[in-house]
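S.K.: Quick one: this structure, given as structure tokens, is what I'll be asking you about.
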Amino acid sequence: MPKYFFHVRRSGAFKEDPEGIDLATPELAFEEATAAAREIMAERIRMGDPANGDTFEIMTEDGSLVATVPFRSAVRLE
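Residue numbers (full-length UniProt numbering): 1 to 78.
Following this line, the structure appears as structure tokens:
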């Protein structure tokens, strides 16, 4: 099963996910990243923190970019 890494890009800084997660498909990795972004954004809202422009960059073990998931895209604001 392939391993996907959910690296975070925040204000130009890049924070690597050192562990990754085993998932069967890139689509499942996208769904997992979206769910994680939703949880992070919900926690920020509960804490009164600003919703910023963080983005997950989903990559494979060989460093190929599979998808990007802006945290804001995971939350419906209407």
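For each residue, glycine too, the CB sits at the ideal point set by N, CA and C. Just so you know, these numbers come straight off a predicted model, no measurement behind them.
Along the chain, which unbroken stretches of the alpha helix (DSSP H) at least 4 residues long are found entirely within the stretch 4–50?
M.R.: 26–47
S.K.: Out of curiosity, what's the CA-to-CA distance linking D62 and T68?
M.R.: 16 Å
S.K.: Pull the bridge partners of E59 from the DSSP assignment, please.
M.R.: The question names Glu, but residue 59 is Met in the sequence shown. Its beta-bridge partners are F5, L65.
S.K.: For R38, which residues in the same chain have their Cβ closer than 7 Å to its Cβ, ignoring the five residues on either side in sequence?
M.R.: A74, V75
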